[in-house]
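Trainee: Below is one structure. I have some questions about it.
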Amino acid sequence: MGPGFWLITAILALLSVGAAAFWIIVPLPMGVEQAADTAVPTDILFKVLAVIGSALFIYVFGYIVYFAIVFRRPKNAPANTIGVQIHDAPVLEFWWTVIPAVIVLGLAIASVQLLNKIYYTAGDVLTMEAIGYQFGFQFRYPKLANPVSEMHIPVDTPVTVHVTARDVIHGFWIPEIRVKQDMVPGLINTVRFTPTKIGVYPIICTSYCGIAHGGMHSAVHIDSQQDFAKWFAAQQGGTAAAGGGSAAGAAIALSAGSVSAGQALFGQKCSACHSVGPFTQKIVGPGLGHIFDDPDHPKLVNGTAPSPQDIAMILKNGYQGDLGVMPSSQVNQISNTDIANLVAYLVSLSKK
Amino acid sequence: MAVVSTTTTTVAPHAVLDHIHPEPTSFVRRYIFSIDHKVIGIQYMITGLLFFVLAGLLAELIRIQLLHNDARFMSPEVYNGVYTMHGSAMVWMVIIPLVTGGFGNFVMPLQIGARDVAFPWLNLASFWMFPIAGVLLFGAFLVGAPDAGWTEYPPVSLQGPVGTNYWCVAIFLIGISSTLTGINFIVTILKMRAPGMTLTRMPLFVWAQLSTAALSMIATTALAAALLALFLERVFGIPFYDPTKGGSPILWQHMFWFYSHPAVYIMILPAFGIISEVLPTFARKPIFGYKMIAFSSVAIALVGFMVWAHHMFTSGLAPWLQLPFMILTMIVAIPTGIKIFSWMATLWGGSIELTPAMLFAIGFLITFTFGGITGVFLAAIPVDLHAHGTYFVVGHFHYVLYGGSVFGIFAGLYYWWPKITGRMMNERVGLWHFWLTFISFNCTFLPMHWLGLQGMPRRVATYLDSHDAVFWNQVASISSFVLAASTLLLFGNMAWSFYKGKRAGANPWGARTLEWMISSPPPYYNYKRVPAVLATPYDFGNPLPYIGLDSPEGTLPTPQLTAPPAPAPR
Ligand SMILES: [Cu+2]
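Heads up: the sequence lines are chains A and B, in that order. Each residue of the first sequence is one higher than the last, beginning at 780 in our numbering. Each residue of the second sequence is one higher than the last, beginning at 33 in our numbering.
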């Protein structure tokens, strides 16, 4: 087999065992915290793959280097010195087909098993929605009227997240939870997991989504049950005001609104989506010319009666309903003063 | 050991082909619009290497940007264009044209004893689509380069700059070129082999080209359809992919990957072929398991058609639908493993000469194996749900495409350079090139694996600095600068050799496939008399299996039957 073949084989075996031991012992094979139940099977599978892969690589690498050294043609040998003229070795070939086939089959079976755990893990105690847009994430919770820009989930609670997108495909990835689904506009994909470790972890977009793709991340807060309850109550209490994750509370002072300033701003920020005709004269959103005096639409799209303050809240927090998405003030980049001006303008429209 | 197989003694050289056409004399017909497969092959190589330099420079721009996690070296717009063009150009303007149009054209007809490909004019047309497509693609930089990556997923690619339209047209064009080349090669290989060259006596490079040609011919049509639809949607607003108008973004992914997964085999199978020629020559041994290597090429090509959705495990396919794709993907590892083991066994007991070509072939075995193993990681859906869309994937495919295809191209260049130019490259510079490339390649792409696993997504101009991401990116970037510099050694070597290199003679390596039996560079007509073939080319212990060959004097290697260095296994 060549000088020292068995010695080399033994050394490679030792190295493989060493590598295997390393992968088995190391607690976090990918170097990433485990913050949910789904991380565990993934890491186990990763370890299995790493053990097999390392051994395979060590042997291939080791033998190739060894062969290249010991079977090197001596410097003084003539150039047409030939090697061993062997064409095949059926027994050998049989085994190096069958053994990998068995390994691959084993891996496939293991993956299917673990996949069951990941895809069909318990969920549904908290069911929520994550929405990707250019360039951020929004989250909707049951019993919260408005989407929020922070994701909070209670520890040790099975969570189901339905992910989708508003504009283009985004990725929803939380490395510490080891799950990822694409957020595809018009489709709803689902991830289920049970968070197990309190902390704040990044949510990262993994599908190119436009200029600012690299900056598209958010955070998931895995809270204790109490903290989550507190946070959620605050959101509910302040539904009217606290959406979009902005500072909760106070109504916006509208008295100083200027109609002319509002009109100018409307032309810049709103007219792409809204006409000043009746409700039915739609562009992207409804016409806004008669919000206060349209008998066919006595209520605003979010169900509240049209009052200047309620309209201001829609402008502040945005709203997503059957018609589509009304962006929040953060997205529209308008200040509270701007809102006051816009509302004054809208009020003036209805009076005509 | 039987000298020649017994059934072949009746085969005679093909008499009809003794008629020789004169070589065209005008410069244009000879070097620009030539229909000679060798000239076309060289044209492909020159154009491909030119784009390799351009696309490589783009890669260095990417690496400069990523030296820092919040870099302002390029604006995000520019950066997105740069990485998109890097990927698109490397796949379609560099690797595919080089391994099929370049090496395929130059080497394959010579290896089967043909005087040209079956359809020389078609070949000319295929070639000229390539530089036109390349200019169109790079022209996109002038109007706003496409920005959504080489995969151009809609809907975001529907929003992309005007250059995205150029991209569609350019890729469409190169796709047609590649389909036509596929057809041309299939007919050539099936119909124009020298008498006596049965399928199982073909050099393995020819087997690889045959499998590749079948892939190009069939798969590329799906790409063409997908591109056409994208173009129509972008330019005329016909909704194929936009979900708000009833289109399906997932449709693009299916069509794109139905082509692009086979495309990775279009890129790697010819490299396999190159390795299968280089290894036996420099080990002075028959290739181990000839039939299994040929068979596994075909098997990979076949199964390669049924694994495309492994790129879409996070796209929302039904779980039951994902399973067959995972299992079939893993199954590809089996024929690939057969090849790797057979090549290792070819080294065993050899009389090995570590020329630059051989070193790149050996380097290929190591890096490609690594990339193959991480491929199995990605095939396992639970791991893919974590690693998809991250730098782990970027690391993986650079191991198979750079450490595989490009190392194969380097090996092929060193190997066939004397045949193409008639001159030798400087061996010492070649060795430096190999070692610098091998080391800097690994330092560039290895860290990407953990960068990805620990949270760095691909296609980003800025990234979070967690888990020492900045440090490892700097390691990768600095190594990539060395990698680029090491490639200059190759180009310098080629330029030097072209003017000053030692004359090569017909067969400087003592190889046994047919192309080495004629002078270097080969004459216009290749074979004055087409030889008859009596056996596979790799039996270094036997006399050459060709009859009726006008051998240039003093070049045919007479095997020196020394005792083998080691006993046979078992
Ligand atoms: Cu693939």
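Ideal Cβ placement from N, Cα and C applies to all residues, glycine included.
Do we get a CB-CB distance below 8 Å when we pair CYS1049/A with the residues of chain E?
Mentor: Reference to chain E is not applicable here, since the protein chains of this structure are A and B.
Trainee: With a Cβ-Cβ cutoff of 8 Å, do PHE1071/A and SER997/A count as a contact?
Mentor: For PHE1071/A and SER997/A, no; Cβs fall outside 8 Å.
Trainee: Just verifying my parser: in three-state terms, what is the DSSP assignment at GLU812/A?
Mentor: It is coil, neither helix nor strand.
Trainee: If you measure between the beta carbons of PHE138/B and TRP448/B, is that distance less than 8 Å?
Mentor: Yes, they are a contact pair.
Trainee: Exposed or buried, what is LEU174/B when buried is set at 16 or more other beta-carbons lying within 10 Å of its beta-carbon?
Mentor: Under this definition LEU174/B is an exposed residue.
Trainee: Do the segment 237-245 of chain B and the segment 193-209 of chain B touch if we need at least three Cβ pairs shorter than 8 Å?
Mentor: The answer is no - the segment 193-209 of chain B does not touch the segment 237-245 of chain B, with fewer than three Cβ pairs under 8 Å.
Trainee: Checking contacts by CB at 8 Å: is HIS996/A closer than that to chain B?
Mentor: It does; some Cβ of chain B falls within 8 Å.
Trainee: If contact means a Cβ-Cβ distance below 8 Å, which residues of the segment 943-965 of chain A contact chain B?
Mentor: From the segment 943-965 of chain A, only ASP946, VAL947, ILE948, GLY950, TRP952, PRO954, ARG957, VAL958, LYS959, GLN960, ASP961, VAL963, PRO964 and GLY965 have a Cβ closer than 8 Å to chain B.
Trainee: DSSP state of HIS1076/A, grouped into three classes?
Mentor: Looking at HIS1076/A - three-state DSSP - the assignment turns out to be coil, as it is neither helix nor strand.
Trainee: Mark LYS1095/A as exposed unless 16 or more other C-beta atoms lie within 10 angstroms of its C-beta, in which case mark it buried.
Mentor: By the neighbour-count rule (16 or more Cβ atoms within 10 Å), LYS1095/A is buried.
Trainee: With 8 Å as the C-beta to C-beta threshold (strictly closer), list the residues of the segment 858-878 of chain A near chain B in chain order.
Mentor: Cβ contacts with chain B come from ALA858, ASN859, THR860, ILE861, GLY862, VAL863, GLN864, ILE865, HIS866, ASP867, ALA868, VAL870, LEU871, GLU872, TRP875 and THR876.
Trainee: To the nearest angstrom, report how far apart HIS293/B and GLY421/B are at their CA atoms.
Mentor: Cα-Cα distance, rounded: 16 Å.
Trainee: Hey, is ASN197/B's beta-carbon within less than 8 Å of any beta-carbon in chain A?
Mentor: For ASN197/B, the answer is no, since every Cβ of chain A falls outside 8 Å of its Cβ.
Trainee: Going by the beta-carbon positions, is the gap between PRO820/A and LYS896/A smaller than 8 Å?
Mentor: Yes. Within cutoff.
Trainee: Would you say HIS992/A faces chain B, with C-beta separation under 8 Å as the test?
Mentor: Yes, HIS992/A lies at the interface with chain B (some Cβ there is under 8 Å from its Cβ).
Trainee: Along the chain, where does the beta strand (DSSP E) containing VAL999/A start, and where does it finish?
Mentor: From DSSP, the beta strand (DSSP E) with VAL999/A extends over 996-1002.
Trainee: Looking at chain A, which residues of the segment 399-418 of chain B have a Cβ within less than 7 Å of any of its Cβ atoms?
Mentor: Residues THR401, PHE402, ILE405, VAL408, PHE409, ALA412, ILE413, PRO414, VAL415, LEU417 and HIS418.
Trainee: At the level of alpha carbons, what is the spacing between TYR446/B and ALA389/B?
Mentor: Each residue's Cα considered, the two are about 5 Å apart.
Trainee: Taking 8 Å as the limit between beta carbons, can you name the residues of its chain near PRO554/B, skipping five residues before and five after?
Mentor: For PRO554/B, where only same-chain residues beyond five positions count, the Cβ hits under 8 Å are LYS70, LEU142, LYS451 and GLU547.
Trainee: Mind pulling the chain B residues with CB within less than 9 Å of ARG851/A?
Mentor: The answer, in chain order, is GLY382, SER383, ILE384, GLU385 and LEU386.
Trainee: Using 10 angstroms around the beta-carbon of GLU585/B, count the other beta-carbons present and answer buried if the total reaches 16, otherwise exposed.
Mentor: Because GLU585/B carries a pLDDT of 40, less than 50, the predicted location of this residue cannot be relied on, and no value is offered for it.
Trainee: Can you tell me the Cβ-Cβ gap for ILE1031/A and ILE1118/A, rounded? I've got them flagged as a contact below 8 Å.
Mentor: Indeed, because the Cβ distance is near 6 Å, the residues count as touching under 8 Å.
Trainee: At the 8 Å Cβ level, is PRO981/A part of the contact set with chain B, yes or no?
Mentor: Chain B contact via Cβ: present.
Trainee: How long is the line joining the alpha carbons of GLY369/B and GLN75/B, rounded to whole angstroms?
Mentor: If you take the alpha carbons of GLY369/B and GLN75/B, they lie about 34 Å apart.
Trainee: From the DSSP output, which residues share a beta bridge with PHE918/A?
Mentor: DSSP lists ALA909/A and VAL927/A as partners of PHE918/A.
Trainee: So what's LYS323/B in DSSP terms, helix, strand or just coil?
Mentor: Three-state result, LYS323/B: helix.
Trainee: Thinking just about the alpha-carbon of each residue, which of GLY136/B, SER551/B, TRP464/B and ALA543/B is nearest to the one in GLY573/B?
Mentor: Cα-wise, what sits closest to GLY573/B is ALA543/B.
Trainee: Can you pull the DSSP bridge partners for ALA564/B?
Mentor: According to DSSP, which records beta bridges pairwise, ALA564/B is partnered with ILE579/B.
Trainee: Closer than 7 Å between beta carbons: that is the criterion. Which residues of the segment 837-848 of chain A meet it against chain B?
Mentor: If the cut-off is 7 Å between Cβ atoms, the segment 837-848 of chain A has VAL839, PHE840, TYR842, ILE843, PHE846 and ALA847 near chain B.
Trainee: Quickly, what does DSSP pair GLY950/A with across the bridge? List them, please.
Mentor: DSSP, once it has assigned bridges, lists ASP961/A as partnering GLY950/A.
Trainee: Measuring CA to CA, which of PHE373/B, PRO152/B and PHE204/B is closest to PHE162/B?
Mentor: The residue with the shortest Cα to Cα distance from PHE162/B is PHE204/B.
Trainee: Name, going along the chain, the residues of the segment 481-500 of chain B whose beta-carbon falls closer than 9 Å to a beta-carbon of chain A.
Mentor: Result list: TRP482, LEU485, GLN486, GLY487, MET488, PRO489, ARG490, ARG491, VAL492, ALA493, THR494, TYR495, LEU496, SER498 and HIS499.
Trainee: Determine whether the beta carbon atoms of PHE392/B and PHE439/B lie at a separation below 8 Å.
Mentor: Yes, Cβ-Cβ distance for PHE392/B and PHE439/B is below 8 Å.
Trainee: Any idea if THR361/B is buried or exposed, counting beta-carbon neighbours within 10 angstroms, 16 or more meaning buried?
Mentor: By the neighbour-count rule (16 or more Cβ atoms within 10 Å), THR361/B is buried.
Trainee: Whole angstroms are fine: how far does the CA of GLY427/B sit from the CA of PHE473/B?
Mentor: Looking at the two C-alpha atoms, the distance is approximately 11 Å.
Trainee: So, under 8 Å CB-CB, TYR115/B and GLY181/B are touching, yes? Tell me the CB distance rounded to an integer number of Å.
Mentor: Indeed, because the Cβ distance is near 7 Å, the residues count as touching under 8 Å.
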